[in-house]
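The listed protein sequences derive, respectively, from chains A and B.
Numbering follows my numbering, in which position 30 of the first sequence is assigned residue number 30; successive positions increment by one, without gaps.
Numbering follows my numbering, in which position 110 of the second sequence is assigned residue number 110; successive positions increment by one, without gaps.
For reference, the structure discussed in these notes is given below.
Protein chains: 2
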Amino acid sequence: MRALETCLYVADLEAAEAFYSGVLGLRLYGKVPGRHLFYRLEGSMLLIFDPSMSAQPGDVPPHAGKPGGHACLAITREETDTWQALLEGHGLSVTRYAWGNRGESLYFEDPSGNVLELAPPGIWGLE
Amino acid sequence: MRALETCLYVADLEAAEAFYSGVLGLRLYGKVPGRHLFYRLEGSMLLIFDPSMSAQPGDVPPHAGKPGGHACLAITREETDTWQALLEGHGLSVTRYAWGNRGESLYFEDPSGNVLELAPPGIWGLE
């Protein structure tokens, strides 16, 4: 099975939209102000919720994770330097970590304290 | 960019392993007892952490989401009935929701209260 929805929870959706759209350049698929931002990834979705709203009963079961989680998006090894420069150019603190010779991860935080990572699939032995 | 790591946080890793390996049948890629379970998905990883341990400083930045989050894994439309029967056969309460004519989602909880979903990619207009 493949992942179809990866979720993060944030305290401030407007700050999140500025970050995920403006800094990471992800493609916004849909939004409900105050509740969620849905981003289209390659073959799956990144769903960003305000947990105070996603916890409300509705058509589908409520859920309410918390900020401070983690997700990783794939980049190529060749993009690592470019992404580090871009993120630091936005004033972000970036931690770079080498997984032996399999590739390097870039770690940084979104405005709500979620720990994001950009890494090549090779760190997991994936194509 | 595609999702490379989808994370969930649990209160009991042993119960989580019985569930994700035994009920969902995911392939365990690695584990550190008391800290995490790493599952291999198609093209990405599902990482399940005990947040009390993932919050400890280490080689890579700590993170500590909370149980009660959400993730969705892809199934085919034709598998929906089979999965519902399998999950209910394990005693799980399953909520089935139709997204118009694009497909149906199955919602259920893992032992730590994360809301899991199985759905065909078509609910998002994906292949």
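Beta carbons are placed, not taken as given, at the ideal position from N, Cα and C, and that holds for glycine.
Closer than 8 Å to chain A by CB, residue i
{"i": "B/GLU42", "result": "yes"}
{"i": "B/ILE75", "result": "yes"}
{"i": "B/GLU117", "result": "yes"}
{"i": "B/LEU28", "result": "no"}
{"i": "B/GLY69", "result": "yes"}
{"i": "B/THR95", "result": "yes"}
{"i": "B/TRP83", "result": "no"}
{"i": "B/ALA90", "result": "The residue asked about is misnamed: residue 90 of chain B is His in this sequence, not Ala. For B/HIS90, the answer is no, since every Cβ of chain A falls outside 8 Å of its Cβ."}
{"i": "B/LEU46", "result": "yes"}
{"i": "B/PRO121", "result": "yes"}
{"i": "B/TYR9", "result": "yes"}
DSSP bridge partner residues for residue i (one or two, in chain order)
{"i": "B/GLY30", "result": "B/PHE38"}
{"i": "A/MET53", "result": "None; A/MET53 has no bridge partner."}
{"i": "A/ALA3", "result": "B/LEU73"}
{"i": "A/LEU47", "result": "A/CYS7, A/PHE38"}
{"i": "A/GLU202", "result": "It is not possible to answer for residue 202 of chain A, since the shown part of chain A is limited to 1 through 127."}
CB contact check: residue i to chain B, cutoff 8 Å
{"i": "A/THR170", "result": "Examination of residue 170 of chain A is not possible in this model, given that chain A is present from 1 through 127 alone."}
{"i": "A/LYS66", "result": "yes"}
{"i": "A/PRO57", "result": "no"}
{"i": "A/TYR107", "result": "yes"}
{"i": "A/ARG35", "result": "no"}
{"i": "A/LEU86", "result": "no"}
{"i": "A/LEU126", "result": "yes"}
{"i": "A/ALA3", "result": "yes"}
{"i": "A/MET53", "result": "no"}
{"i": "A/VAL32", "result": "no"}
{"i": "A/PRO61", "result": "yes"}
Residue i - DSSP class collapsed to helix/strand/coil
{"i": "B/ARG77", "result": "helix"}
{"i": "A/LEU13", "result": "helix"}
{"i": "B/LEU126", "result": "coil"}
Boundaries (first-last residue) of the beta strand (DSSP E) holding residue i
{"i": "A/ALA119", "result": "115–119"}
{"i": "B/TYR20", "result": "Segment: none, B/TYR20 is in no beta strand (DSSP E) and carries neither H nor E."}
{"i": "A/ALA98", "result": "95–98"}
{"i": "B/SER105", "result": "104–109"}
For the pair the region 23–35 of chain B and the region 93–100 of chain A, tell me if three or more CB-CB distances fall below 8 Å. no
Sufficient close CB pairs (3 or more, under 8 Å) joining the region 10–29 of chain B to the region 54–65 of chain B: no
Would you call the region 6–22 of chain B and the region 36–50 of chain B touching, i.e. three or more CB-CB distances under 8 Å? yes
Below 8 Å, can you find three or more Cβ-Cβ pairs linking the region 112–122 of chain B to the region 70–81 of chain A? The region 112–122 of chain B, when compared against the region 70–81 of chain A, does not touch it at the 8 Å Cβ threshold.
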